[in-house]
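Chemist: What follows is a structure written as C-alpha cells; I'll ask about it next.
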Amino acid sequence: MNKLMKKTLISAVLIAVTFALYQNFTLMPEYRGLNEGISDYIITYGLNDTGSLNLITAVLYDYRAFDSLGESTVIFGAVSGIVLILSRKMLPVSSKGLSFIVKRTLGIITPFIALFGFYVISHGHLSPGGGFQGGVILAAISIIFSIVYGSAFDYRRYSPQTKTVLETVGALIFLGIGLAGIVMEGAFLSNLGFLTAEKGTLISAGSIPYINIGVGFKVGAGLAIIFYSMIQKTFEEDF
Amino acid sequence: MAILEIILLVFLIFSAVMAVRFDEELISIIFLSIFSLILTALYLLHKAADVALAEAVIGAGLNTAIFMSAISQIRHGDSD
Amino acid sequence: MLNNLIFIILFMLGFYALIMKTNLIKNVIGLNLMEAAVFFWVISFSDIGGEISIHKLGETMGEFNDPVPQALTLTGIVIGASTAALLLTLIIELNKFSGTIDRDKIEGLND
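Top to bottom, those sequences are chains A, B and C. Numbers 2 to 240, taken from our numbering, label the letters of the first sequence in order. Numbers 5 to 84, taken from our numbering, label the letters of the second sequence in order. Numbers 2 to 112, taken from our numbering, label the letters of the third sequence in order.
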C-alpha cells in the first residue's frame, strides 16, 4: 500500500487507542482497596505482625516477599544475557580518566557515598529506603570509578569475578532465609519471629534486615556488572 | 500546593514532547533525564517517599548512564 | 480527573514514539515513557491526603496513604531499567553487524 493509505491507517489506530483509553475511565469500578480490601488489613495490623515501622518494606519483604525474589531473578536474567552477548576476546581499551581536580575530589567523597549506601540498606525498616535503593547507590560507586579513573582502575579494584561472587552471596542469603522458614515455621519465606527485639531498634522486625542485605548485594553487583560490560571498546573486528 | 503541582505537570509534558521530537539522540537523552527529575518531585508531592528515592537513583542516575554509554558506541550509516 | 488526562497524554506520546519513529533508540525511549506514565497513574491512586505510611513511635498518627501501589511501583521501576539495558545491548550488536540503527534500512529485514 502506498504512503498515504499507510499514514491514514496509523493515524486511525492512534485515535482508536486514545478513545479506548478515555472510555476506560467511565467504565472502571471505583477503587475500594482502602475501605474493604487488603490495604485496610495491612495498615491496621502491619506493625503487630511484622514489627517493622516502615509499612512499604513490610509489604515488599514480608507479605509479598516472593515477588521480590522474582524481581531479583529478572535482574539476574538481564545480567546473564548482557554478559553473554558482550563477551570480549581481545584486550579492552581503557581511558585515562578525567583531570586531577576531579580525581582528588572524588577520592575524598567516595567513602561517604559508600557509608550512605550501607545506611539506606540497613535502616530499611525504620525510614524510607530498603534493599533496592541502597543497592543501586552502591553500584553508583563502581560507575564513578569507571568514569573518573578509567576502566582499568575499576578492573584492578573490583574485578568482575569479585562482583559475581558478591551477587551469588546475596542470592544465597535470600534463598537461605527462605529455606530456613520452611524448616522452622513451615512456610517458605515466613518471618522468623525469634530474632526480634523491641520495635524501633536496629535489630528488630524478624528477618527483614537480613533479606535487605542480601537484596542490596545482589542488585548492586548486578548493575555494576551491566555498566562495566557496556563500556568496553575493543579494536575493530572483521565480520 | 495546587499551583506547584500544575506548574510541574506542565514542565513534565513539555520535556516529554521535547524528548520525542529531536533526531539527534544526545538531546533526547538529556530531556529524558529532566523528565525523570520532575517525576521524582511529583512523587514526593503525592507523599510516596520510597518511590521518590528509587526513581531519583535509578531514573536519573543509572538509566542516563546506560543510555549515554550505548550511544557512544554506535556509528551512523553512510547514506545519512 | 487531571491525573487521568496526564496519563493519556504521556502514554500516547510514548506509543507514538514506539510505532512511528524508525530510530531504534527512539523506540526504547518511547517504551520508557509508557512505563513512567503507568507508574505515575498508579501512585496518584494511592494518595488520599494522608501522611507518609511510616509509623512513628510514641505519637498518634492520622490517616496513612496506601502502601500496596507504592510497593508494586518500586518493583516496576527496577524491571524497567533492566529491560532497557538489555535492549540497548542488542542495539549495539545490531549496529556492529549492519552499520545503521534505522529500522527501515537494515538489509534482510524487509523482504
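Just so you know, even glycine gets a beta-carbon here, dropped at the ideal spot from N, CA and C.
#1: Give me the Cα-Cα distance between Y64/A and T27/A, rounded to the nearest whole angstrom.
#2: Got a sec: is the Cβ-Cβ distance from I7/C to anything in chain B below 7 Å?
#3: Looking only at its own chain, which residues have a Cβ that is under 8 Å from the Cβ of F16/C, when we skip the five neighbours before and after it?
#4: Does any CB atom of chain A fall closer than 7 Å to the CB of D103/C?
#5: Can you tell me whether N24/C is helix, strand or coil according to DSSP?
#6: From what residue to what residue does the alpha helix (DSSP H) around M72/B run?
#7: Helix or strand or just coil, what does DSSP make of I78/B?
#8: Can you tell me whether T19/A is helix, strand or coil according to DSSP?
#9: Got a sec? Which residues, its chain only, sit under 8 Å from S83/B by beta carbon, not counting five neighbours each side?
#10: Suppose you measure from the CA of T58/A to the CA of E37/A; what does that come to, to the nearest Å?
#11: Under the three-state reduction of DSSP, which class applies to E108/C: helix, strand or coil?
#12: Where in the region 111-199 of chain A do unbroken runs of the alpha helix (DSSP H), each at least 4 residues long, occur, reported from the N-terminal end onward?
#13: Please classify A23/B as buried or exposed, where buried requires at least 16 other C-beta atoms within 10 Å of its C-beta.
#14: Where DSSP assigns a beta bridge to E52/C, which residues make up the other side?
#15: Helix or strand or just coil, what does DSSP make of N4/C?
#16: Residues of chain B with a CB under 8 Å from the CB of F133/A: which are they?
#17: Is G207/A near I122/A, with beta carbons less than 7 Å apart?
#18: Taking the alpha carbon of T44/B as the reference point, which residue from L57/B, S73/B and I78/B has its own alpha carbon closest?
#19: Just to confirm my understanding: we take V55/B, look at its own chain, exclude 5 residues before and 5 after, and list those with CB closer than 7 Å. What are they?
#20: Would you tell me roughly how many angstroms separate the C-alpha atoms of K7/A and S95/A, rounded to the nearest one?
Modeler: Taking the coordinates as given:
#1: 32 Å
#2: yes
#3: G31 and M35
#4: no
#5: strand
#6: N67 to I75
#7: coil
#8: helix
#9: For S83/B, the predicted structure reports a pLDDT of 47, less than 50, and the residue's modelled location is therefore unreliable. The matter cannot be settled from this model.
#10: 22 Å
#11: coil
#12: 132-150, 152-158 and 161-186
#13: buried
#14: F65/C
#15: helix
#16: A58
#17: no
#18: L57/B
#19: Y47
#20: 47 Å
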